[in-house]
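Here is the structure we will look at.
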Amino acid sequence: MTDFDKLKEAAEEIKLDDLQKQKILEACKGKKRRKINYTAIAAAAAVLVITVAVFSPGFLLKAGAPADRAENEMAVEDYLADEDVKYYSNSIWSQNSDSCVSDSSGFVYTADEYTQCIFSANDFRSIYSAIPQSFINLVNYEDFVAWSASVESGNGMAIVQFVEHFGISKEDFDNANRSYARIIYSHYGELPLYRAVEKTNELYEIYNTELIYSFDREAIDEYYKVFVRLDKNESGNIISGSSPAEIIVPEDYYK
Amino acid sequence: MPEKKKKFPPDAERAMEEYGNSLYRLCSVMTGNREDAQDAVQDCFLRYITKAPDFNDSEHEKAWLIRVASNICHDILRIRKHSSFVSLDEIRNLGTSEDNAQILGLLIALDEKYRIIMHLHYVEGYKTDELSALLGISSSAVKKRLQRGREALREIYEKEAKQ
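Protein chains in written order, with this note's numbering: chain X, 4 to 258; chain R, 40 to 202.
Laid out in structure tokens, this is it:
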């Protein structure tokens with residue numbers, strides 16, 4: 004018996020008994036029910052807001068923009084409201100990959116949810132189909148929601164379309180990018196990257212401003228590909244690929 | 040919009056029966072702690088239930104669960120970055136015998152990126168090509184990590200033997 008056989012034998016002693024398995028599943032179902040209840044509360048809140056808007060439109064105007072914005076965000080999924088890292092993602096930008104989004108409506112994700120969602124995308128890195136909150140903050144939220152509902156597929160990277168549609172200046176973009184880099188550094192405690200090589204590092208990726216503002220869609224698509232070269236088997240599943248080199252953001256950009 | 044037809048519908052009870060132990064083993068090795076491992080498995084299944092991803096087949100499903108579980112463990116480890124020490128008692132508490140706790144302790148003492156790859160290869164039997172697709176790194180990177188993992192394991196073993 005080799006040492007690795009012993010290792011396998013040792014690890015295989017670790018098991019869940021039937022009762023533990025059952026408890027885990029029950030706990031999950033309990034949490035799911037609570038989550039659905041939160042969504043129901045959010046839906047009820049949205050109905051209330053709409054009712055107030057219809058019967059007393061002045062009330063919302065008096066409430067001011069920040070409150071409107073918070074309510075809009077909460078209407079998406081209110082239990083995500085206290086997270087400091089958020090991303091908007093929409094399946095139409097995922098392009099030929101199994102998107103984490105089940106339909107074309109788009110969702111706001113917390114960092115935690117986004118971590119697992121990015122694992123299903125194949126062709127491009129997660130940043131390709133995401134718009135982090137720091138960038139959404141550059142525009143009016145209602146306009147953003149209206150735009151995100153109307154974008155069409157096949158037009159390339161999400162942030163490029165966002166920049167073009169809202170006419171974001173390079174300077175504003177770069178400031179949002181720096182702010183996003185600082186959030187990554189403080190929230191995750193990890194170095195922000197211009198190019199992530201591994202899936203687990205994709206969350207730390209920020210934008211390459213120069214490349215985005217070249218508006219060269221071919222070069223942008225090439226840069227944000229997960230792999231430079233993909234080897235697939237007969238059933239079309241990826242069996243290996245060559246990754247490009249990782250690029251770390253210099254410290255003076257985010258500190 | 041017409042509802043997308045699921046190619047391989049998720050079923051939490053079946054998935055727990057088929058992959059529960061495998062995921063628990065992975066989370067145990069990654070976190071080195073029974074409570075954290077159980078929490079990670081629970082979190083993983085909660086995501087499975089709430090997200091209901093559209094799988095191509097059982098392999099796709101298993102790979103998704105492993106990736107989610109390893110990510111959750113990564114987050115747990117990130118939170119307790121400054122207290123990564125795992126005692127032999129904690130390893131025994133995972134359910135291993137005295138002798139096996141020692142050898143498992145060597146694996147748990149490895150750096151996270153070697154630990155996961157060594158576990159998936161030597162315990163779960165994943166081949167380098169499969170690991171490449173699973174972890175999103177090239178085959179040569181997988182081979183390199185396995186080699187470095189083996190070297191690191193040997194170093195830890197020799198260090199422990201000296202003590």
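Beta carbons are placed, not taken as given, at the ideal position from N, Cα and C, and that holds for glycine.
Simplified DSSP state of residue i, which is helix, strand or coil
i, result
"A172/R", "helix"
"E129/R", "helix"
"K18/X", "coil"
"K258/X", "coil"
"I251/X", "strand"
"E56/R", "helix"
"F147/X", "helix"
"E155/X", "coil"
"E237/X", "coil"
"D93/R", "coil"
"I115/R", "helix"
"T118/X", "The predicted position of T118/X is uncertain, since its pLDDT is 46 and thus under 50; a value taken from the coordinates is nonetheless stated next. If DSSP states are grouped into helix, strand and coil, T118/X belongs with the helices."
"Q23/X", "helix"
Range covered by the beta strand (DSSP E) that runs through residue i
i, result
"A180/R", "Where A180/R is concerned, there is no enclosing beta strand (DSSP E), although the alpha helix (DSSP H) it sits in stretches over 178-201."
"A133/X", "133-135"
Unbroken alpha helix (DSSP H) run spanning residue i, endpoints
i, result
"A14/X", "6-15"
"S129/X", "S129/X -> no alpha helix (DSSP H), and no H or E assigned at all."
"T212/X", "212-215"
"L141/X", "Here L141/X belongs to no alpha helix (DSSP H), and DSSP marks it neither H nor E."
"T89/R", "73-90"
"Y226/X", "220-226"
Contact belief for residue i with residue j at Cβ below 8 Å, rounded distance in angstroms
i, j, result
"V181/R", "L170/R", "5 Å"
"F176/X", "V142/X", "So it is not a contact: roughly 12 Å between Cβ atoms."
"L65/R", "H158/R", "6 Å"
"K228/X", "F127/X", "6 Å"
"I250/X", "L194/X", "Incorrect: roughly 11 Å between the Cβ atoms, too far for contact."
"I134/X", "A152/X", "Contact doesn't hold; Cβ gap of about 13 Å is too wide."
"Y63/R", "A76/R", "6 Å"
beta-carbon residue i near the ligand SAH non-hydrogen atom, thresh 7 Å
i, result
"K18/X", "The ligand SAH is not part of the structure shown, which contains no ligands of any sort."
Counting beta carbon pairs with one atom in the segment 83-99 of chain R and one in the segment 23-35 of chain X, are three or more of them shorter than 8 Å?
Segments in contact, yes.
Segments assigned alpha helix (DSSP H), at least 4 residues, entirely inside the segment 159-204 of chain X:
161-169, 173-191
Are three or more beta carbon pairs between the segment 105-113 of chain R and the segment 61-73 of chain R nearer than 8 Å?
yes
Within 8 Å, do at least three Cβ pairs link the segment 128-144 of chain R to the segment 8-16 of chain X?
yes
Whole alpha helix (DSSP H) elements within the segment 138-170 of chain R, 4-residue minimum:
151-157
I want to know whether the segment 141-154 of chain R touches the segment 190-199 of chain R - three or more CB-CB distances under 8 Å.
Flag = yes, the segment 141-154 of chain R and the segment 190-199 of chain R touch.
Counting Cβ pairs, one atom from each stretch, are 3 or more of them under 8 Å apart for the segment 157-164 of chain X and the segment 186-195 of chain X?
no
Could you please tell me which residues of the segment 51-67 of chain R, in chain order, have their CB closer than 7 Å to any CB of chain B?
Absent from the structure is chain B; the protein chains it does hold are X and R.
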